Amino acid sequence: MVYRLAVQITKNHADADDVMQETFIKVYRSIHTFRRDAAFETWLYRIAVNEALNFVGRRERQRETTIERTPEAEYEVSTRYRAQLANDPHAQAEKAELRQYVTEAVNSLPLKHRTVVILHEFEGLTHAEIASILNCSEGTVRSRLHYARKKLRTLLKPYMEASAI
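Numbering (UniProt numbering), first residue to last: 1 to 165.
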(Lines of atoms letter the chains of each structure in order from A and count residues from 1; the text may use other names and numbers.)
(Lines give C-alpha, C1' and ligand atoms only; values in the text may rest on other atoms or scores of the structure.)
Protein backbone atom coordinates (compact mmCIF):
# COMPACT_ATOMS: atom_id res chain seq x y z
CA MET A 1 0.00 0.00 0.00
CA VAL A 2 2.77 2.50 0.87
CA TYR A 3 4.90 1.51 -2.11
CA ARG A 4 2.02 1.70 -4.59
CA LEU A 5 1.06 5.12 -3.23
CA ALA A 6 4.67 6.31 -3.45
CA VAL A 7 5.01 5.10 -7.06
CA GLN A 8 1.83 6.89 -8.06
CA ILE A 9 2.88 10.18 -6.49
CA THR A 10 6.57 10.16 -7.46
CA LYS A 11 6.00 8.50 -10.87
CA ASN A 12 9.24 6.59 -10.43
CA HIS A 13 10.04 3.23 -8.82
CA ALA A 14 13.48 4.25 -7.54
CA ASP A 15 12.07 7.38 -5.94
CA ALA A 16 9.21 5.35 -4.49
CA ASP A 17 11.78 3.06 -2.84
CA ASP A 18 13.38 6.10 -1.21
CA VAL A 19 10.01 7.46 -0.09
CA MET A 20 9.00 4.10 1.33
CA GLN A 21 12.26 3.81 3.26
CA GLU A 22 11.93 7.33 4.64
CA THR A 23 8.30 6.67 5.56
CA PHE A 24 9.12 3.60 7.62
CA ILE A 25 12.09 5.30 9.27
CA LYS A 26 9.80 8.16 10.25
CA VAL A 27 7.14 5.71 11.49
CA TYR A 28 9.74 3.90 13.60
CA ARG A 29 11.08 7.13 15.08
CA SER A 30 7.62 8.62 15.66
CA ILE A 31 5.60 5.62 16.83
CA HIS A 32 5.48 7.11 20.33
CA THR A 33 3.52 10.09 18.93
CA PHE A 34 0.80 7.91 17.44
CA ARG A 35 -2.53 8.74 19.06
CA ARG A 36 -4.83 5.80 19.33
CA ASP A 37 -7.86 7.96 18.56
CA ALA A 38 -7.01 7.63 14.85
CA ALA A 39 -6.54 4.52 12.76
CA PHE A 40 -2.94 3.41 12.38
CA GLU A 41 -3.46 3.06 8.61
CA THR A 42 -4.57 6.70 8.36
CA TRP A 43 -1.53 7.82 10.33
CA LEU A 44 0.75 5.72 8.10
CA TYR A 45 -0.88 7.11 4.93
CA ARG A 46 -0.42 10.66 6.18
CA ILE A 47 3.28 10.07 6.75
CA ALA A 48 3.66 8.36 3.36
CA VAL A 49 1.80 11.10 1.48
CA ASN A 50 3.80 13.82 3.23
CA GLU A 51 7.08 12.06 2.50
CA ALA A 52 6.13 11.55 -1.16
CA LEU A 53 4.97 15.15 -1.61
CA ASN A 54 8.10 16.46 0.11
CA PHE A 55 10.25 14.22 -2.09
CA VAL A 56 8.55 15.46 -5.27
CA GLY A 57 8.91 19.06 -4.11
CA ARG A 58 12.62 18.62 -3.39
CA ARG A 59 13.15 16.87 -6.71
CA GLU A 60 11.39 19.65 -8.61
CA ARG A 61 13.43 22.33 -6.85
CA GLN A 62 16.71 20.48 -7.41
CA ARG A 63 16.12 19.56 -11.02
CA GLU A 64 18.30 21.69 -13.26
CA THR A 65 17.74 19.86 -16.52
CA THR A 66 14.59 18.28 -17.88
CA ILE A 67 14.72 14.53 -17.78
CA GLU A 68 12.08 12.63 -19.67
CA ARG A 69 10.42 10.09 -17.41
CA THR A 70 8.23 7.26 -18.55
CA PRO A 71 6.26 6.17 -15.48
CA GLU A 72 4.69 2.73 -15.44
CA ALA A 73 2.06 2.44 -12.73
CA GLU A 74 1.50 -1.14 -11.74
CA TYR A 75 -2.07 -2.33 -11.69
CA GLU A 76 -3.37 -5.47 -10.10
CA VAL A 77 -5.37 -7.68 -12.44
CA SER A 78 -7.41 -10.60 -11.24
CA THR A 79 -6.05 -14.06 -12.05
CA ARG A 80 -9.07 -14.90 -14.18
CA TYR A 81 -8.81 -11.71 -16.22
CA ARG A 82 -5.06 -12.17 -16.58
CA ALA A 83 -5.69 -15.66 -18.00
CA GLN A 84 -8.21 -14.23 -20.47
CA LEU A 85 -5.73 -11.58 -21.55
CA ALA A 86 -3.01 -14.19 -22.04
CA ASN A 87 -5.17 -15.89 -24.66
CA ASP A 88 -6.23 -12.68 -26.44
CA PRO A 89 -3.39 -10.51 -27.79
CA HIS A 90 -5.87 -7.87 -29.00
CA ALA A 91 -7.34 -7.53 -25.50
CA GLN A 92 -3.80 -7.33 -24.08
CA ALA A 93 -2.94 -4.50 -26.44
CA GLU A 94 -6.15 -2.61 -25.64
CA LYS A 95 -5.60 -3.01 -21.89
CA ALA A 96 -2.00 -1.81 -22.17
CA GLU A 97 -3.08 1.17 -24.26
CA LEU A 98 -5.83 2.10 -21.81
CA ARG A 99 -3.41 1.76 -18.87
CA GLN A 100 -0.96 4.05 -20.65
CA TYR A 101 -3.62 6.70 -21.37
CA VAL A 102 -4.98 6.62 -17.81
CA THR A 103 -1.48 6.72 -16.29
CA GLU A 104 -0.48 9.67 -18.45
CA ALA A 105 -3.72 11.49 -17.70
CA VAL A 106 -3.43 10.98 -13.92
CA ASN A 107 0.26 11.93 -13.97
CA SER A 108 -0.55 15.16 -15.82
CA LEU A 109 -2.85 16.36 -13.03
CA PRO A 110 -1.57 18.96 -10.57
CA LEU A 111 0.00 17.25 -7.56
CA LYS A 112 -2.81 18.14 -5.13
CA HIS A 113 -5.44 16.70 -7.50
CA ARG A 114 -3.34 13.66 -8.43
CA THR A 115 -2.82 12.82 -4.76
CA VAL A 116 -6.57 12.87 -4.04
CA VAL A 117 -7.32 10.72 -7.11
CA ILE A 118 -4.67 8.18 -6.11
CA LEU A 119 -5.91 7.95 -2.53
CA HIS A 120 -9.59 7.72 -3.48
CA GLU A 121 -9.68 5.81 -6.76
CA PHE A 122 -6.62 3.56 -6.44
CA GLU A 123 -6.29 3.14 -2.68
CA GLY A 124 -10.04 3.15 -1.98
CA LEU A 125 -9.96 5.65 0.88
CA THR A 126 -13.02 7.66 1.89
CA HIS A 127 -13.24 11.44 1.72
CA ALA A 128 -12.93 11.58 5.51
CA GLU A 129 -9.80 9.42 5.52
CA ILE A 130 -8.20 11.51 2.77
CA ALA A 131 -9.07 14.73 4.60
CA SER A 132 -7.39 13.37 7.71
CA ILE A 133 -4.30 12.29 5.78
CA LEU A 134 -3.94 15.58 3.90
CA ASN A 135 -4.98 17.68 6.89
CA CYS A 136 -7.73 19.47 4.99
CA SER A 137 -11.52 19.50 5.03
CA GLU A 138 -13.72 16.88 3.37
CA GLY A 139 -15.10 19.68 1.21
CA THR A 140 -11.61 20.37 -0.08
CA VAL A 141 -11.15 16.68 -0.86
CA ARG A 142 -14.48 16.57 -2.73
CA SER A 143 -13.61 19.73 -4.63
CA ARG A 144 -10.17 18.47 -5.66
CA LEU A 145 -11.66 15.13 -6.67
CA HIS A 146 -14.36 16.89 -8.71
CA TYR A 147 -11.86 19.04 -10.61
CA ALA A 148 -9.51 16.08 -11.10
CA ARG A 149 -12.31 13.92 -12.53
CA LYS A 150 -13.43 16.76 -14.77
CA LYS A 151 -9.89 17.15 -16.10
CA LEU A 152 -9.51 13.38 -16.54
CA ARG A 153 -12.75 13.23 -18.55
CA THR A 154 -11.39 15.95 -20.83
CA LEU A 155 -8.01 14.24 -21.18
CA LEU A 156 -9.45 10.78 -21.80
CA LYS A 157 -12.29 11.88 -24.10
CA PRO A 158 -10.23 11.46 -27.32
CA TYR A 159 -9.25 7.93 -26.30
CA MET A 160 -12.81 6.99 -25.38
CA GLU A 161 -14.18 8.38 -28.64
CA ALA A 162 -11.52 6.54 -30.65
CA SER A 163 -12.27 3.30 -28.78
CA ALA A 164 -16.00 3.57 -29.49
CA ILE A 165 -15.46 3.40 -33.24
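We put the beta carbon where it would ideally sit given N, CA and C, even for glycine.
Bear in mind that the values here come from a model prediction, so they are computed numbers and not experimental data.
Check                                                                                                                                             : Outcome
Could you tell me if T33 is buried or exposed, where buried requires 16 or more neighbouring beta carbons within 10 angstroms of its beta carbon? : exposed
Cutting at 7 Å between CB atoms, please list the residues of its own chain near I25, excluding the five before and the five after it.             : none
If you draw a straight line from the alpha carbon of A105 to that of D17, how long is it in whole angstroms?                                      : 23 Å
Please report the residue range of the alpha helix (DSSP H) in which D17 lies.                                                                    : H13 to S30
What is the C-beta distance between E51 and V19, in whole angstroms, given that I count them as a contact (C-beta under 8 Å)?                     : 5 Å
Whose C-alpha, out of P158, V116, D15 and K150, is nearest the C-alpha of G139?                                                                   : V116
Considering just the uninterrupted stretch of the alpha helix (DSSP H) at L5, what are its terminal residues?                                     : V2 to T10
To the nearest angstrom, how far is it from the Cα of A131 to the Cα of A93?                                                                      : 37 Å
Using a 10 Å radius around the Cβ and a threshold of 16 neighbouring Cβ atoms, would you call N12 buried or exposed?                              : buried
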